[in-house]
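Numbers in the working numbering are just positions in the sequence shown, counted from 1, shifted up by 2.
We put the beta carbon where it would ideally sit given N, CA and C, even for glycine.
Keep in mind it's a predicted model, so treat the numbers as computed, not measured.
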Amino acid sequence: MASRTDREYESHLRELRQRLLLMAGRVEGMIADAVRALADKDRELAAATISADALVNRAEVDIDELCMVMLARWQPLASDLRFITLVLKMVTDLERIGDLAVNICERVIDLAGTSHVPYDEGLPEMGLRVQSMVRDAIDAFVERDVDKAQSVLARDDDVDSLYTEVFVRTLELMSNDSSLVHNGIHIQSVAKWLERMGDHATNLAEQVVFLTKGKDIRHAGKLPRDRSASPPG
């Protein structure tokens with residue numbers, strides 16, 4: 003029968019997973035709301051999304067504190083130690099994604115009262131793809147699913163391609179109409195911030211690979227081409 007200490011430790015592990023999922027869900031919502039606020043020039047939604055960032059920041063602090071308590075009290079080893087230490091890194095990426103959503107919403111507020119905004123329809127698609135990358139990276143982490151993590155890594159190229167397309171289309175519009183330059187630069191910034199969100203989602207997925215395979219693939223660009231780290235087929 004499990005001891006009281008063992009039950010407390012397992013309870014804390016479950017709480018850590020739940021807190022991480024809740025934080026990730028809030029960040030996903032911020033991405034969606036930021037993109038929708040931009041499309042609709044909705045200042046109220048943008049302001050509400052900026053306010054929601056306080057919950058994400060609070061979640062980062064609370065999760066950090068829980069991880070530190072677990073490390074100090076139970077001194078976990080092996081996979082549990084990797085799990086807890088990587089959670090500390092993952093909440094940093096999630097918090098930064100929230101900050102990028104705030105950046106987008108600040109641009110929405112700046113642009114909402116202006117005309118001649120060269121809004122690009124590729125931005126919602128970028129937002130959807132980034133949301134799914136974040137969601138799948140967190141699911142892969144909780145489930146220790148390397149295949150799902152690899153799918154996130156592969157999709158980052160698609161987000162990069164969309165960013166390039168938005169940038170080029172907006173640049174062409176600005177070249178043909180100088181009145182679009184100021185607002186067009188803001189739109190390009192939004193696209194860049196979405197692309198950076200994809201990079202953070204990629205960081206999350208790389209951490210899943212380290213958790214499950216013990217392979218650090220940061221800065222490598224792709225997973226090692228061996229059976230232990232690559233999906234079958």
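Roughly how far, in whole angstroms, is the beta-carbon of residue i from the beta-carbon of residue j, given that I think they are within contact range, below 8 Å?
i: A156; j: V210; result: Not a contact, Cβ separation roughly 13 Å.
i: L196; j: L125; result: 7 Å
i: L47; j: P120; result: That pair is no contact at about 21 Å.
Can you look up residue i in the DSSP assignment and give me helix, strand or coil?
i: K194; result: helix
i: S117; result: coil
i: D44; result: coil
i: Q20; result: helix
i: Q77; result: coil
i: H14; result: helix
i: T7; result: helix
i: N59; result: helix
Just to confirm, is the Cβ distance from residue i to residue j under 8 Å?
i: Y165; j: A193; result: yes
i: D66; j: L83; result: no
i: A103; j: A36; result: yes
i: V148; j: A203; result: no
i: V132; j: V161; result: yes
i: I86; j: L40; result: no
i: L214; j: R109; result: This sequence places Thr at residue 214; Leu is not what is there. Contact: no.
i: A185; j: L113; result: This sequence places Asn at residue 185; Ala is not what is there. Yes, Cβ-Cβ distance for N185 and L113 is below 8 Å.
i: A61; j: M25; result: yes
i: D64; j: R21; result: yes
i: D158; j: G200; result: yes
i: D95; j: N205; result: yes
i: L68; j: V144; result: no
Between which two residues does the alpha helix (DSSP H) harbouring residue i extend?
i: S163; result: V148 to N178
i: E123; result: Run containing E123: none; DSSP gives neither H nor E here.
Give the single residue among the options whose Cα lies nearest to the Cα of residue i.
i: V170; options: D158, W76, I187 and D159; result: I187
i: F212; options: A80, V136 and D44; result: A80
i: G100; options: D8, N185, L175 and A56; result: A56
i: W76; options: Y11, A48 and E123; result: Y11
i: D42; options: A142, R198, T116 and T172; result: T116
i: I33; options: L175, S191 and V136; result: V136
i: M72; options: V93, E97 and L15; result: L15
i: R28; options: L18, V58 and D44; result: V58
i: D122; options: S53, L23, L182 and M92; result: L182
i: G31; options: A54, E17 and S13; result: A54
i: I111; options: T7, D8, R9 and I189; result: I189
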